[in-house]
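This report refers to the structure that appears directly beneath it.
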Amino acid sequence: MEILTFFISFTFLSLVVASSLDPEMVKKIHGECFEISHLPRDSLDKIRAGQVDLTDLAVKEHLFCYTKKVGFVNDAGILNDDLIKKRLALQIKDENKVEEYAKICNAPKKEGEEVNYFAAKVVACYYNSFPGIVIM
Numbered sequence: 003m004e005i006l007t008f009f010i011s012f013t014f015l016s017l018v019v020a021s022s023l024d025p026e027m028v029k030k031i032h033g034e035c036f037e038i039s040h041l042p043r044d045s046l047d048k049i050r051a052g053q054v055d056l057t058d059l060a061v062k063e064h065l066f067c068y069t070k071k072v073g074f075v076n077d078a079g080i081l082n083d084d085l086i087k088k089r090l091a092l093q094i095k096d097e098n099k100v101e102e103y104a105k106i107c108n109a110p111k112k113e114g115e116e117v118n119y120f121a122a123k124v125v126a127c128y129y130n131s132f133p134g135i136v137i138m
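Okay, so the sequence shown: first residue is 3 according to the numbering used here, each after it adds one.
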């Protein structure tokens, strides 16, 4: 039980550092997004482990909600590259790596692509391509 508590605390602290948002704000944003998406709360751990089910509507809705509220993406599906890079730079000190990671995962939304699918795809890219990076 202590190990689980430590892991949850560590994951939450990583999330806060990565997003550079106040811990209460992160909790509030996820709470609001859980209400919208009805995503089971334990699904966030799966997402952070790279298990992003892009066919699950709740996953897509939650990830779009969160990325929109923190400013990573807007309603039209346009990414805020500068903000994402700034958040990545909190974890990665090598500016070239930040640019490389962003170039791989921050591809523009394709015409006709659902915005919630697009946001989930970007999050999945970071977690699958760069283990240890906390994007949300």
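Built from N, CA and C at the ideal position, the CB exists for glycine as well. Everything numeric in this text was worked out from a predicted model, so none of it was measured.
Just verifying my parser: in three-state terms, what is the DSSP assignment at residue 81? strand
Using 8 Å as the cut-off, can you tell me whether the segment 44-58 makes contact with the segment 99-116, which would need three or more C-beta pairs spanning the two stretches below that distance? no
Helix or strand or just coil, what does DSSP make of residue 75? strand
Cα separation between residue 27 and residue 90? 19 Å
How far does the alpha helix (DSSP H) with residue 121 in it reach, from first residue to last? 117-131
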